[in-house]
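Participant: Pasting a structure here, questions to come.
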Amino acid sequence: MEWYDTLGPVEFAVLESVSRGALRSCCTAEQVSFLREQPAGEAILHDVLRRCERGGLLRSSRDTSGRRYELTAAGRVRLRADRRFRAALVRLLARSRF
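Under our numbering, the first residue of the sequence shown is numbered 1316, with each subsequent residue one higher.
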C-alpha cells in the first residue's frame, strides 16, 4: 500500500472498526460491518489485518486472549485522509446532481 492509494472498502471498514476499539483476532468478521454477509468473511478479515500490519497501518500484540490490533500513527493519518477524501467525493457527487 502506497500513501497515495485510497483504501479499498474492506481495508477502510477494518481500519474504521479498529479505530473504534482494539480488534482481537479471536473475534469474528461480524464486528466488521462490511464482512458480515461475506461467506469467507473471517479469512478476508485476517488477510486484511496482516496486509495492514505489513503496511504499517496497524500494530498487533499478543496476550492471553489472542492477538490484539491497534492503529498506528500512520494508520490514523491514513484513515483520516481517506475519510476526508470520501466526504469530498460525496459532496462533489451531491453537487453534480440536478
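Note that beta-carbon positions come from the ideal geometry of N, C-alpha and C, so glycine has one too.
1) Below 8 Å on the Cβ atoms is my contact criterion, and I expect SER1375 with GLU1368 to pass it. Report the Cβ-Cβ distance as a whole number of Å.
2) With DSSP as the reference, please indicate the residues paired to ASP1378 in a beta bridge.
3) In this structure, does DSSP put LEU1386 in helix, strand or coil?
4) Whole angstroms is fine: what's the gap from SER1411's alpha carbon to LEU1372's?
5) Mapping the DSSP letters down to three states, classify ALA1372 as helix, strand or coil.
Facilitator: If we stick to the structure as given:
1) Within the sequence shown, residue 1375 is the residue found at index 60, counting from 1. Within the sequence shown, residue 1368 is the residue found at index 53, counting from 1. Right, the Cβ-Cβ distance comes to about 6 Å (below 8 Å), so this counts as a contact.
2) Numbered from its first residue, the sequence shown carries residue 1378 at position 63. Answer is GLY1381, bridged to ASP1378.
3) For the purposes of this step, residue 1386 is taken as residue 71 along the sequence shown, with counting starting at 1. It is a strand residue.
4) Taking the sequence shown and counting its residues from 1, one reaches residue 1411 at position 96. Taking the sequence shown and counting its residues from 1, one reaches residue 1372 at position 57. Taking the straight line joining both Cα atoms gives about 34 Å.
5) The sequence position of residue 1372 within the sequence shown is 57, counting from 1. Checking the sequence, you will find Leu at residue 1372 rather than Ala. In this structure, LEU1372 counts as coil in the three-state DSSP scheme.
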